[in-house]
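Protein sequences, first through last, are from chains A and B. Residue 156 in the numbering used here sits at position 156 of the first sequence, and the numbers go up by one each step. Residue 43 in the numbering used here sits at position 43 of the second sequence, and the numbers go up by one each step. Ideal Cβ placement from N, Cα and C applies to all residues, glycine included. Being a predicted model, the structure only gives us computed values, none of them experimental.
There are 2 protein chains.
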Amino acid sequence: MRALVFDVFGTVVDWRSGVARELAGYLSAIGREDLDPFALADAWRRRYQPAMEECRSGRRPFTRLDVLHRENLEGVLADHGITGCAAGDLDALNLAWHRLDPWPDVLLGLHRLKRRFFLAPLSNGNIALLANMAKRARLPWDAVLGAEPVRAYKPQPEAYLRTAELLAMRPDEVCLVAAHNGDLRAARAAGLKTAFVARPTEHGEGQTVDLRAEDPWDWVATDFVDLARQLYA
Amino acid sequence: MRALVFDVFGTVVDWRSGVARELAGYLSAIGREDLDPFALADAWRRRYQPAMEECRSGRRPFTRLDVLHRENLEGVLADHGITGCAAGDLDALNLAWHRLDPWPDVLLGLHRLKRRFFLAPLSNGNIALLANMAKRARLPWDAVLGAEPVRAYKPQPEAYLRTAELLAMRPDEVCLVAAHNGDLRAARAAGLKTAFVARPTEHGEGQTVDLRAEDPWDWVATDFVDLARQLYA
Numbered sequence: 001m002r003a004l005v006f007d008v009f010g011t012v013v014d015w016r017s018g019v020a021r022e023l024a025g026y027l028s029a030i031g032r033e034d035l036d037p038f039a040l041a042d043a044w045r046r047r048y049q050p051a052m053e054e055c056r057s058g059r060r061p062f063t064r065l066d067v068l069h070r071e072n073l074e075g076v077l078a079d080h081g082i083t084g085c086a087a088g089d090l091d092a093l094n095l096a097w098h099r100l101d102p103w104p105d106v107l108l109g110l111h112r113l114k115r116r117f118f119l120a121p122l123s124n125g126n127i128a129l130l131a132n133m134a135k136r137a138r139l140p141w142d143a144v145l146g147a148e149p150v151r152a153y154k155p156q157p158e159a160y161l162r163t164a165e166l167l168a169m170r171p172d173e174v175c176l177v178a179a180h181n182g183d184l185r186a187a188r189a190a191g192l193k194t195a196f197v198a199r200p201t202e203h204g205e206g207q208t209v210d211l212r213a214e215d216p217w218d219w220v221a222t223d224f225v226d227l228a229r230q231l232y233a
Numbered sequence: 001m002r003a004l005v006f007d008v009f010g011t012v013v014d015w016r017s018g019v020a021r022e023l024a025g026y027l028s029a030i031g032r033e034d035l036d037p038f039a040l041a042d043a044w045r046r047r048y049q050p051a052m053e054e055c056r057s058g059r060r061p062f063t064r065l066d067v068l069h070r071e072n073l074e075g076v077l078a079d080h081g082i083t084g085c086a087a088g089d090l091d092a093l094n095l096a097w098h099r100l101d102p103w104p105d106v107l108l109g110l111h112r113l114k115r116r117f118f119l120a121p122l123s124n125g126n127i128a129l130l131a132n133m134a135k136r137a138r139l140p141w142d143a144v145l146g147a148e149p150v151r152a153y154k155p156q157p158e159a160y161l162r163t164a165e166l167l168a169m170r171p172d173e174v175c176l177v178a179a180h181n182g183d184l185r186a187a188r189a190a191g192l193k194t195a196f197v198a199r200p201t202e203h204g205e206g207q208t209v210d211l212r213a214e215d216p217w218d219w220v221a222t223d224f225v226d227l228a229r230q231l232y233a
C-alpha cells in the first residue's frame with residue numbers, strides 16, 4: 001500500500017456543524033432566527049445525492065459540486081419561504097463548504113500518516129473547494145484529487161479507478177479511508193484497500209447510520225491517530 | 001490577484017542537473033561512462049516539445065508526460081546505441097523527472113508567497129510526477145494542477161483557461177510565474193497576469209535563451225524571494 005485517499009465530508013471534516021454555523025449567521029442577518037440552522041444544514045445535505053445522481057446517470061454532464069451546492073441552497077431556502085436573496089450573499093454562503101473544520105484527531109493523524117504514505121482527498125468536492133478547505137485547515141495533502149479531475153462522482157467505479165491511475169498506482173496500492181460503509185463497498189469492488197473510521201456524530205447526536213463497520217474492512221479504526229498506529233504496527 | 005501558478009521544469013526545479021545525475025548512475029551501471037550525461041539530458045529534453053505536439057495537434061489523444069518521457073528515453077538511448085535495456089530499469093530511470101531539486105531560492109520564496117496567495121504548479125508534468133516531486137522536495141503547493149487535470153499541454157490556451165476555471169477564479173486573478181517568455185506570452189494571451197523569473201543556467205553555462213524578460217511582464221524578478229518582496233510591497 002502506497003497511498004491513502006480520504007472521503008472528506010464526514011470523514012475528515014464535520015460538515016454539519018460548519019454549515020450550520022455559516023447558516024446561523026445568514027439567518028440572523030435576514031431576521032430568520034426562528035429557523036434551526038442544523039435542520040437547514042441537513043436539508044441542504046439531503047439534496048446532495050440526488051443532484052449528483054443527475055450527473056452519474058448521464059442526464060446532466062459532469063458539473064462541479066460548487067455549482068450543485070449553489071443550486072441546492074436556493075432550493076432549500078425557497079422551501080423555507082426565503083426568496084429574493086442577493087446573489088452575492090448566496091455565493092458567499094455557498095462557500096460554507098470550503099470552510100469546514102476537521103475532527104480533532106485529523107491533523108495529528110494525517111501528519112503521522114504522511115511520513116509513510118501519499119495522502120490525497122478522494123471526495124465528491126471539487127478542487128477549489130478541497131484546496132481552499134485544506135489551506136484554511138492546514139490539511140497536509142500531497143495532492144488534491146476527487147471527483148472533478150476524474151469527472152465521476154463516487155460511488156461510480158471510475159471515481160476510484162481513475163484516481164488510482166492519476167496516482168500511477170494499481171488500485172490495490174491505494175486505500176480509501178471513509179466513515180461510510182457504502183463508499184468503502186464501492187472502493188473495494190473497484191479493487192482498493194479499505195479503512196473504516198467511525199464518525200458517530202456526523203449527523204448529530206441521534207445518528208443511526210454508519211455507527212460501525214458493516215463489512216470486514218481491511219482496517220477499522222476509532223480515529224486517524226488510531227489508524228496511523230495500526231498502519232505503523 | 002489571488003493565485004500564483006508556476007511553470008515547474010526550469011522555473012521551480014533544475015531539471016538538467018537532476019536528470020543528468022540520474023543518467024550518470026545508469027550509464028555507469030551499464031559501463032557507458034564514455035557518454036556525457038548532460039548531453040543525454042539535453043537530448044532527452046529535446047524530444048519533449050515534439051512529443052507533446054503530437055497531442056496538441058490532435059494526432060494523438062492526450063497522453064500523460066510520464067508516458068511521453070518513457071518513450072523519449074528509449075529513443076534517446078537507441079540514438080546512442082543503447083538497446084535491450086531491462087524495462088524495469090528504464091521505468092526507474094524515467095522517475096528521474098519526479099526527483100528534481102528546486103533552485104536555492106524556491107522553498108523560502110514559496111513559503112513567503114503562500115501566506116498571501118494560493119499556490120499551484122501549472123506544468124506540463126502529470127499529477128503523479130508533480131506530487132511525487134513536491135513530497136520529496138517539500139514544495140508547499142495548495143493544489144497540484146497542470147496539463148493532466150485540464151487535458152491540454154501548454155502553450156494551448158485551454159491549459160491556462162481551464163486551470164483558472166478549476167481554481168474557480170477569473171484568468172486575471174491568476175498569475176503565471178515562469179522562466180520562459182513563450183509560456184508567459186501564451187498565459188497573457190489567455191488573460192492571466194505574468195511574472196518572469198530568470199533562470200540563466202537552466203540549460204547550462206552557455207545558455208542563450210530566456211536570459212531576460214522580452215516583453216513588459218507584470219513582474220520581473222531575480223528569484224522567488226525577490227518576487228515575494230515585490231508582491232508584498
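- Taking 7 Å as the cut-off between beta carbons, the residues of the stretch 167-186 of chain A near chain B are Leu167, Ala168, in sequence order.
- Annotation for Phe118 (chain A): the continuous beta strand (DSSP E) segment containing it runs 118-121.
- Ala137 (chain B) and Val106 (chain B) have their alpha carbons spaced roughly 10 Å apart.
- For Leu4 (chain B), the enclosing beta strand (DSSP E) begins and ends at 3-6.
- For Thr83 (chain B), there is no enclosing alpha helix (DSSP H), as DSSP gives it neither H nor E.
- Of all C-beta pairs linking the stretch 170-188 of chain A to the stretch 137-153 of chain A, fewer than three are shorter than 8 Å, placing the two stretches out of contact.
- Within chain B, the residues Pro149, Leu166 have their CB atoms less than 8 Å from the CB of Glu148 (chain A), given in chain order.
- Here Ala178 (chain B) carries a strand assignment [DSSP, helix/strand/coil].
- Just so you know, the alpha carbons of Phe224 (chain B) and Ser28 (chain A) end up roughly 44 Å apart.
- Taking C-beta atoms under 8 Å as the contact rule, Asp142 (chain A) and Ala164 (chain A) fail to qualify, at a distance of about 15 Å.
- At a cut-off of 8 Å between beta carbons, Ala92 (chain B) makes no contact with chain A.
- The three-state secondary structure of Lys114 (chain A), taken from DSSP, is helix.
- Look at Lys193 (chain A): its C-beta is not under 8 Å from any C-beta on chain B.
- Secondary structure note for Val225 (chain B): its alpha helix (DSSP H) is the uninterrupted segment 224-232.
- Contacts with chain A at 8 Å (Cβ-Cβ) do not include Asp79 (chain B).
- Following the DSSP letters along the chain, one finds Trp15 (chain B) inside the alpha helix (DSSP H) bounded by residues 15-29.
- Scanning its chain for C-beta atoms nearer than 6 Å, with the 5 sequence neighbours on each side dropped, one finds around Cys175 (chain A) the residues Met1, Leu4, Lys193, Ala195, in chain order.
- If you look at Trp219 (chain A), you'll find it in the beta strand (DSSP E) that goes 219-221.
- DSSP places Lys135 (chain B) inside the alpha helix (DSSP H), whose first and last residues are 127-137.
- Secondary structure at Thr11 (chain A): coil, using DSSP grouped into helix, strand and coil.
- Below 8 Å, enough C-beta pairs join the stretch 41-54 of chain B and the stretch 72-84 of chain B to call them touching: three or more.
- Chain order gives the chain A residues near Lys135 (chain B) as Phe118, Asp142, where near means a beta carbon separation below 8 Å.
- Neighbours of Ala128 (chain A) in chain B, taken as residues at a C-beta separation under 7 Å, are given in chain order as Leu166, Leu167, Ala168.
- Cβ-Cβ separation between Leu122 (chain A) and Val13 (chain A): approximately 14 Å, too far for a contact (criterion under 8 Å).
- Asp7 (chain A) sits buried, since 16 or more C-beta atoms from the chains shown fall within 10 Å of its C-beta.
- Taking the CA atoms as reference points, Leu211 (chain B) sits about 11 Å from Thr222 (chain B).
- Assigned with DSSP and collapsed to three states, Thr163 (chain B) falls in helix.
- As a beta-bridge residue in DSSP terms, Ala195 (chain B) pairs with B:Val177, B:Trp219.
- Excluding sequence positions up to five before and after Trp15 (chain B), its CB lies within less than 6 Å of the CB of Phe9, Leu100, all in the same chain and listed in chain order.
- For Val144 (chain A) and Val19 (chain A), the gap between their C-alpha atoms comes out near 22 Å.
- Just measuring C-alpha positions, the residue of B:Arg59, B:Thr63, B:His111, B:Leu35 sitting nearest Ile82 (chain B) is B:Leu35.
- A distance below 7 Å between beta-carbons, with the five flanking residues on each side excluded, links Val220 (chain B) to the following residues of its chain, in chain order: Phe196, Ala213.
- Between Gln156 (chain A) and Arg56 (chain A), the CB-CB gap stays under 8 Å.
- The beta carbons of Ala228 (chain B) and Arg112 (chain B) sit closer together than 8 Å.
- Assignment of Pro61 (chain A) by DSSP, reduced to helix, strand and coil, places it in the coil class.
- Taking the Cβ atoms as the reference, Phe118 (chain A) lies roughly 7 Å from Lys135 (chain B), within the contact range of under 8 Å.
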